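With the numbering used here applied, the sequence shown corresponds to residues -12 to 138, in that order.
Written below as structure tokens is the structure these notes are about.
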Amino acid sequence: MQAKINIQNKKARFEYETLDEYVAGIKLSGTEIKSIRQSKARITESFCEFNEAGELFVINMFIEEYSHGNFYNHKPKSARKLLLNKRELKKLRKEIQNVGLTIVPLKLFMTDKGWAKLNIALCRGKKLYDKRETMKDRDNKRDLARIKKNF
């Protein structure tokens, strides 16, 4: 039984307002999946983008080179294809044409079968006052939990 892999993009929840979420498979090479199983990946600076053929790719996702890989090792920041249904791709492409929307990866995880999946979301950027509101709500929840704990 392998350890639970759960790599999150906490910054995305703060920077963006999520509108719709999808679970996408990732097309990976052998050394990439081995590095992910060792939790050697980051998705904090990554985003998703369509190419000319209508395929969705995750850009700027960092997967560290596999330590025991030889000349077959992968490039750490290459674009990786995301696997979704045609219907979902068509819907996302139509939504992306709206101004201000982007596709951001939220979580990279492993399924029970050992497949690497990426939880992506259609997002709209938050304004500064929305971010301050989020911080205020978080502080209030923390204070309330602290008060409840004492009683």
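All C-beta atoms, glycine included, are put in the ideal place defined by N, C-alpha and C.
In this text the structure is predicted, and so the values were computed from the model without any measurement.
The residues Leu88, Leu109, in chain order, have a CB closer than 7 angstroms to that of glutamate 82 in the same chain once the five nearest residues on each side in sequence are set aside. Listed as beta-bridge partners of phenylalanine 34 by DSSP are Ile46. As the crow flies, the alpha-carbon of arginine 129 is around 21 angstroms from that of alanine -1. Contact fails between the region 43 to 54 and the region 113 to 127, because fewer than three Cβ pairs, one in each stretch, are under 8 angstroms apart. Rounded to whole angstroms, the separation of the alpha carbons of serine 54 and lysine 62 is 13 angstroms. Straight-line measurement puts the Cα of lysine 94 at about 22 angstroms from the Cα of arginine 74. DSSP, read as helix, strand or coil, puts aspartate 130 in helix.
In the three-state reduction of the DSSP assignment, leucine 79 falls in the helix class. The alpha-carbon separation between glutamate 39 and arginine 80 amounts to approximately 11 angstroms. Ranked by Cα distance from serine 26, the options Ile50, Tyr3, Gly12 are led by Ile50.
Of the other Cβ atoms in all chains shown, 16 or more fall within 10 Å of the Cβ of valine 91; this residue is therefore buried. Note that the C-beta distance between lysine 123 and alanine 11 is not below 9 angstroms. One thing to note: lysine 68 has its Cβ no nearer than 9 angstroms to the Cβ of isoleucine -6. Taking all protein chains shown into account, isoleucine 30 has 16 or more neighbouring C-beta atoms within 10 Å of its C-beta and is therefore buried.
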